[in-house]
Amino acid sequence: MSDNQEVKDQHNEETATQDQPVNETTEDTNDASETSDSKIEEDPLAKMEQELKDAKDQQLRLFAEFENFRKRTAKERIEMFSTANQELMTAMLPILDDFQRAIKAQGDDASVEGLKLISQKFENTLKNKGLKPMDETTGKDFDADTMEAVTQIPAPSKKQKGKVIDELERGYMLGNKILRYAKVVVGQ
Numbered sequence: 001m002s003d004n005q006e007v008k009d010q011h012n013e014e015t016a017t018q019d020q021p022v023n024e025t026t027e028d029t030n031d032a033s034e035t036s037d038s039k040i041e042e043d044p045l046a047k048m049e050q051e052l053k054d055a056k057d058q059q060l061r062l063f064a065e066f067e068n069f070r071k072r073t074a075k076e077r078i079e080m081f082s083t084a085n086q087e088l089m090t091a092m093l094p095i096l097d098d099f100q101r102a103i104k105a106q107g108d109d110a111s112v113e114g115l116k117l118i119s120q121k122f123e124n125t126l127k128n129k130g131l132k133p134m135d136e137t138t139g140k141d142f143d144a145d146t147m148e149a150v151t152q153i154p155a156p157s158k159k160q161k162g163k164v165i166d167e168l169e170r171g172y173m174l175g176n177k178i179l180r181y182a183k184v185v186v187g188q
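Quick note: the sequence shown uses full-length UniProt numbering, first residue 1, plus one each step.
Now the structure itself:
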């Protein structure tokens, strides 16, 4: 039995030695748990602060995006109202041109006075709706931004080279937008 006793004692010593480091590891784990618990307590706060910061940032971005949308739609609405009659005005311009040609052809007869009154009333109505005639172009330098050259003819004099010799149709604007370019004859 003494051999058995020795084996038991040796086994108990080994077990005690093995248990001791296990206990130390458990204590280290407990210390680590306490440290990680304090980090976990701090992490949710930091996490919530980050989420709050992200939410505020997202809210600011959405607000800015909404403001840009609101301004853009307001601008588009104003532009739409100012050019809403564009098709109607474009259709009316040939009638206005015909009135002006008829008045030029008739001269100063008394019978033309009624035609002149109708023409003026028609022009005033279109002006009240936003139509603006462009300035007279005859004698001015050709400007491709506001004029359309229908033809070029030899200039009667050197001074008239590159200038408008005749205006066939007057140009018109609706608001700040060119509705029709002036159709002109340019001297070469």
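Glycine included, each C-beta is placed from N, C-alpha and C at the ideal position. Please read these numbers as outputs of a predicted model, since none were measured by experiment.
Is it true that the CB of K183 sits closer than 7 Å to the CB of E148? Stepping through the sequence shown from its first residue, residue 148 is reached at position 148. Stepping through the sequence shown from its first residue, residue 183 is reached at position 183. The answer is yes: Cβ separation under 7 Å.
For N85, which residues of its own chain have a beta-carbon under 6 Å away from its beta-carbon, when the five flanking residues on both sides are left out? Counting from one through the sequence shown, the residue named residue 85 turns up at place 85. Correct list, in chain order: K129.
Just the Cα atoms here: how many angstroms apart are L174 and P133? Looking up residue 174 in the sequence shown gives position 174. Looking up residue 133 in the sequence shown gives position 133. Distance between the alpha carbons of L174 and P133 is about 9 Å.
Just how far apart, CA to CA, sit E167 and R61? In the sequence shown, counting from the first residue as 1, residue 167 sits at position 167. In the sequence shown, counting from the first residue as 1, residue 61 sits at position 61. Cα to Cα, the separation comes out at about 54 Å.
Which residues does DSSP list as the beta-bridge partners of V112? One-based indexing of the sequence shown puts residue 112 at position 112. Beta-bridge pairing links V112 to no other residue.
In whole angstroms, what separates the C-alpha of G171 from that of D145? Counted from its first residue, the sequence shown places residue 171 at position 171. Counted from its first residue, the sequence shown places residue 145 at position 145. C-alpha separation (whole angstroms): 11 Å.
Should M89 be labelled buried (16 or more other beta-carbon atoms within 10 Å of its own) or exposed? Here residue 89 corresponds to residue number 89 of the sequence shown, with the count starting at 1. Buried, because 16 or more other Cβ atoms sit within 10 Å of the Cβ of M89.
Whole-number beta carbon distance between K163 and K140, since they are thought to touch under 8 Å: Residue mapping note: residue 140 aligns to position 140 of the sequence shown, counting from 1. Residue mapping note: residue 163 aligns to position 163 of the sequence shown, counting from 1. Confirmed, Cβ separation roughly 6 Å.
Please list the terminal residues of the continuous beta strand (DSSP E) segment that includes P133. Along the sequence shown, one-based indexing puts residue 133 at 133. L131 to P133 is the extent of the beta strand (DSSP E) around P133.
Could you tell me the boundaries of the alpha helix (DSSP H) in which K159 lies? Position 159 of the sequence shown, counted from the first residue, corresponds to residue 159. The continuous stretches of alpha helix (DSSP H) do not include K159, and DSSP gives it neither H nor E.
Please tell me whether G187 and A155 are closer than 7 Å, where the distance is taken between their beta carbons. Against the sequence shown, residue 187 aligns to sequence position 187. Against the sequence shown, residue 155 aligns to sequence position 155. The answer is yes: Cβ separation under 7 Å.
Ignore the nearest five residues each way along the sequence and tell me which others in L126's own chain have a CB closer than 8 Å to its CB. Position 126 of the sequence shown, counted from the start, is the residue given in the question as residue 126. Excluding residues within five positions, the ones whose Cβ falls inside 8 Å are M89, M92 and L96.
Paired residues, beta bridge with D54 - DSSP: Position 54 of the sequence shown, counting from 1, holds the residue named residue 54. Partner(s): none; D54 has no beta bridge.
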